[in-house]
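One line per chain: the protein sequences are B and S, in this order. Counting in my numbering, the first sequence runs from 7 upward without gaps. Counting in my numbering, the second sequence runs from 86 upward without gaps. Notes follow once the structure below has been shown.
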Amino acid sequence: MIDVDPREIIEIIGRNGADAPLISVLEEIQTKYRYLPREAMILVSEAFGLPLSQIYSVATFYNAFSLERRGRHEACVCVGTACHVRGAKRVLSHLEEKLGIKAGETTPDWNYTLDTVHCLGACALGPIVVVDGEYSGQMHAKKVDELLARIEQADEGEA
Amino acid sequence: MPDVQVTIDGHQVSVPANSTVLDAAKVAGIDIPELCAHDALKPIGACRMCLVEVEKQRVLHPACTFPVSEGMVVHTASDAVLGARRFVLQLLFSERNHFCMYCQTSGSCTLQDLAYEHGLTHWEFDRAFPKMPVDASRQFFVMDHNRCILCRRCIRACDELVGNRTLGLKNRGADTMVIADMDIPFGDSSCISCGTCMQMCPTGALMDRASAYMGATDEITRVPSRCSLCSVGCGVELIVRGNRVIRVEGDWDAEPNKGLICEVGRFGLLHERRQRVRKPLVKADGALADADWDDALQKAAEGLKSAESAVVVSGFSSTEAAQAAVNQLPGKKMALGGALVNGDNAPLSVLDETDLIIVADVDLTEGYNYRMASFPIKRSARHRGVRVILLDDEPNGLDAWARYKWSPDEAERAVELAQHAEMPVIVYDQHSAALAQELAAQLPKAKTIGFAPEGNTAGLAEVGISEPFANDGFSAYYVIAGEAAEVPQELMDALAKADFVAVQASYREPWEDVADVILPSPVMFEKDGSLVNTEGRSFELKAGVTTRRPSEVEVIERLGALL
Chain B
7 MIDVDPREII
17 EIIGRNGADA
27 PLISVLEEIQ
37 TKYRYLPREA
47 MILVSEAFGL
57 PLSQIYSVAT
67 FYNAFSLERR
77 GRHEACVCVG
87 TACHVRGAKR
97 VLSHLEEKLG
107 IKAGETTPDW
117 NYTLDTVHCL
127 GACALGPIVV
137 VDGEYSGQMH
147 AKKVDELLAR
157 IEQADEGEA
Chain S
86 MPDVQVTIDG
96 HQVSVPANST
106 VLDAAKVAGI
116 DIPELCAHDA
126 LKPIGACRMC
136 LVEVEKQRVL
146 HPACTFPVSE
156 GMVVHTASDA
166 VLGARRFVLQ
176 LLFSERNHFC
186 MYCQTSGSCT
196 LQDLAYEHGL
206 THWEFDRAFP
216 KMPVDASRQF
226 FVMDHNRCIL
236 CRRCIRACDE
246 LVGNRTLGLK
256 NRGADTMVIA
266 DMDIPFGDSS
276 CISCGTCMQM
286 CPTGALMDRA
296 SAYMGATDEI
306 TRVPSRCSLC
316 SVGCGVELIV
326 RGNRVIRVEG
336 DWDAEPNKGL
346 ICEVGRFGLL
356 HERRQRVRKP
366 LVKADGALAD
376 ADWDDALQKA
386 AEGLKSAESA
396 VVVSGFSSTE
406 AAQAAVNQLP
416 GKKMALGGAL
426 VNGDNAPLSV
436 LDETDLIIVA
446 DVDLTEGYNY
456 RMASFPIKRS
466 ARHRGVRVIL
476 LDDEPNGLDA
486 WARYKWSPDE
496 AERAVELAQH
506 AEMPVIVYDQ
516 HSAALAQELA
526 AQLPKAKTIG
536 FAPEGNTAGL
546 AEVGISEPFA
556 NDGFSAYYVI
566 AGEAAEVPQE
576 LMDALAKADF
586 VAVQASYREP
596 WEDVADVILP
606 SPVMFEKDGS
616 LVNTEGRSFE
626 LKAGVTTRRP
636 SEVEVIERLG
646 ALL
């Protein structure tokens, strides 16, 4: 877990104001830390005058929020019916093998979180892999390798 | 708005325009099953049990949330409605693990009653048998998620009525679960164990440890009475089976608590660990030993006659007992817990009307006293945006609900704010009466609620026992203590020094070391009589059980006859 600086969270809350929508504040915190730290939820609860149970309800209701720290990149494999018959299972197991984690887990270096989803509504493109919101269609093992290599390159370029 | 005409199952009724179909059905005397709806809560239409057919509407609608309109025609027992109810029940029963024969609520369960009523003989759908946890981390009651139907009554009660907002939901869909705070054990959470959620629960998901498996609806009787443990005097129902009180519930129709009671009122006496005094006790050779009534009364009379004696009466006594003490017993009469702090009290209901509350150096969430009064303050702060000002140097249970917290020395800051309020209310007790007076003097519009120190202190004052205990060097004391547990140190010191002490008490503690004679006294469940609460209202105490022991008044009269 990373250290959470209360000042940063108070800054986020302050910038949004006490009558800001709760979800947008939680989203900002989620973006910053890639999860919702407990300390942050307590601070939000105090600032908004909302009970902890309500903050927690919102945080666990939406898929966009996570209570566990997520990886830098979020990879998501569609395993809906259309993708499934087009070989999503093989794509998923290849990704699991490459990243060394199971679906729902995060790599120890916090680089990737791997998830599955049941249908993205783009069945013609199946099997689909979404990384950081970017859709890649008609995936297979080789294209997965290429995709990962591209991301790695981009990361190195940034570094 | 004028009333509207609605026809329900052929009965035409006239109801206010803002009613729901369920309200109208109640007026028409038609029973619509409900699980998530409750008279004390706002409807949310979660359980779908109250689905009804409304003519000219495409689909069935939940009666609890559907508003009436002029000329509306409603059917509550058509084939479509009954089919839908049966379907909803099948879904409710298939979701988690409902095994009525093992459940303590079997026989008094709304869900089970509905299943019988609608002829559910088997599970229509395949069942998932999910592994659900049981949370037994609270002292007095247990949450069994296996039996939860997610009607959210508990959550809404915690929020709307108590204002504590401990309970919530986590996750979504089939993974939804009732949680406390951020999904921590209930016992570690901000739960105050008032048990309102348990009283609300329509299934067996919340289990009272003391009364589990002790009696179903047709085996118990409900005795409406009063809680005399503090000066709020909440209306309660004593749940009695076999001459034994197994549970205490809040009486929904009672003022001033409207169905709510606190941890002390609901669980206090049933979980009392002090040893009861069941027979008269007389000190012989330094130890208390059983005696018969005549000997014990004789001994008490001798001790009291031989010296200058005083009578100390606790507010746990009924007004009748206090009256008997005044009439029958010689010596000065004093009030054990302290004196009445204010003769001009506003009713507690002002807490639900006010726009600003000053809590003057008193913690309403601790100890024996006035906990119920914290509920309207909490819900006002949460739901009506009422400003709560705490004047307290110590941590206070209302900290999280207070808008401002200052030291009692900074009372002028509270006055400054309260001057602009429509109707400020000042809440205090005997320890902060001076502070409250100072505040009230500067706030002409303010109403004050000064809590009497003990259950029936106001009743004692009515019969003339209004002086608080003061050590005037009496050498013998007769203490009418009842259930009293918290006794002023000054009194205990005086009793320890006195030549003779006789006590009329329900429990041996804290009297065994100082008393020469202890006479048994009934507890609240065993008493008939009346009490006057802190608002000055007179209430009737009704015994839930009968005992062979003489009543409070009888003991005093018999003793009086010997003096």
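Just so it is clear, CB atoms sit at the ideal spot from N, CA and C, and this is done for glycine as well. Quick caveat, the model's predicted, so the values are computed rather than measured.
Item checked: Contact set for Ala165(S): own chain, Cβ-Cβ below 6 Å, skip 5 residues either direction -> Glu138
Per-residue burial, Ser434(S) [other beta carbons within 10 Å of its own, 16 or more giving buried]:
exposed
query: What residues in its chain sit with their C-beta under 7 Å from that of Asp273(S), if we drop five residues either side in the sequence?
result: Ser222
### Message
Check for me: the alpha helix (DSSP H) holding Arg13(B) runs from which residue to which?
### Response
12-22
Quiz prompt | Nearest candidate by alpha-carbon position, reference Ser560(S), set Val100(S), Gly416(S), Gly204(S) | solution = Gly416(S)
Self-check item: Gly253(S) at chain D interface by Cβ criterion, 7 Å
Solution: Within the model displayed, chain D is absent; protein chains B and S are what it includes.
Check the C-beta distance from Thr404(S) over to Gly558(S) and give it rounded, since I have them as a contact under 8 Å.
With a Cβ gap of about 29 Å, Thr404(S) and Gly558(S) do not count as contacting.
Check: Would you say Leu58(B) reaches chain S, if we count a Cβ-Cβ gap shorter than 7 Å as a contact?
Finding: yes
**Prompt:** From Arg593(S) to Ala386(S), what distance separates their C-alpha atoms?
**Reply:** 20 Å
Please report whether the beta-carbon of Phe71(B) lies at a distance below 7 Å from any beta-carbon of chain S. no
Per-residue DSSP class, three states only, for Tyr141(B) = Here Tyr141(B) sits in strand by DSSP.
Spatial distance of Val144(S) from Met157(S) (CA atoms): 15 Å
Count the C-beta pairs between the stretch 209-217 of chain S and the stretch 298-312 of chain S that are closer than 8 Å, then say yes if the count reaches three, no if not.
no
**Request:** Look up Arg361(S) in the DSSP assignment and give the residues it is bridged to.
**Result:** DSSP, once it has assigned bridges, lists Tyr592(S) as partnering Arg361(S).
- Within this structure, are the beta carbons of Ser402(S) and Ala569(S) separated by less than 7 Å? Annotated as distal: Ser402(S) and Ala569(S), with beta-carbon spacing of 7 Å or more.
Straight-line Cα distance separating Leu246(S) from Arg464(S):
Roughly 6 Å between the two C-alpha positions.
TODO: On the DSSP bridge assignment, give the partners of Gln90(S) in chain order.
DONE: Ser99(S)
Next item on the list: Quick one: grab the DSSP three-state call for Ser434(S).
Entry: If DSSP states are grouped into helix, strand and coil, Ser434(S) belongs with the helices.
Legend entry - Minimum C-alpha distance to Val638(S) - residue among Asp116(S), Asn412(S), Cys312(S), Phe554(S): Answer by Cα proximity: Asn412(S).
- Query: Applying the criterion that 16 or more other CB atoms from any shown protein chain within 10 Å of the CB defines a buried residue, is Leu176(S) buried or exposed?
  - Reply: exposed
(Q) Based on DSSP bridge pairs, tell me the residues matched to Tyr489(S). (A) Ile474(S)
- Query: Does Arg250(S) have its Cβ less than 7 Å from a Cβ in chain B?
  - Reply: yes
Should Phe54(B) be flagged as near chain S, meaning a C-beta pair shorter than 7 Å? no
| Can at least three beta-carbon pairs, one atom from the stretch 111-128 of chain B and one from the stretch 84-96 of chain B, be found at a separation below 8 Å? | yes
Next item on the list: At 7 Å on the CB atoms, spell out the chain B contacts of Met267(S), in chain order.
Entry: Arg44, Met47, Leu58, Tyr62
- Of the residues that make up the stretch 467-481 of chain S, which ones have a beta carbon closer than 9 Å to any beta carbon in chain B? Arg467
What are the boundary residues of the beta strand (DSSP E) that Gly535(S) is part of?
532-535
TODO: Could you check the C-alpha separation between Gln515(S) and Gly423(S) for me, to the nearest Å?
DONE: 8 Å
*Hey, does Thr122(B) have any beta-carbon neighbour from chain S nearer than 7 Å?*
no
#### Entry: Exposure of Arg329(S), with buried meaning 16 or more beta-carbon neighbours within 10 Å
exposed
Practice item. Out of Asn618(S), Leu355(S), Val586(S), point me to the one whose CA is closest to Glu611(S)'s CA. Key: Leu355(S)
Notebook entry, point to check: Rounded C-beta distance between Gly318(S) and Phe624(S)? I'm assuming under 8 Å.
Noted result: 5 Å
*Along chain B, in chain order, which residues have C-beta atoms closer than 9 Å to that of Ile264(S)?*
Result: Ser59, Tyr62, Ser63, Thr66.
Original post:
With burial defined as no fewer than 16 other Cβ atoms inside 10 Å of the residue's Cβ, what is the status of Asn430(S): buried or exposed?
Top reply: buried
Indicate whether the contact test is met: 3 or more Cβ pairs, each with one atom in the stretch 61-80 of chain B and one in the stretch 112-121 of chain B, closer than 8 Å.
When Cβ pairs closer than 8 Å are counted between the two stretches, the stretch 61-80 of chain B is seen to touch the stretch 112-121 of chain B, the count reaching three or more.
For His183(S), count neighbouring Cβ atoms within 10 angstroms of its own Cβ and tell me buried if that reaches 16, exposed if not. buried
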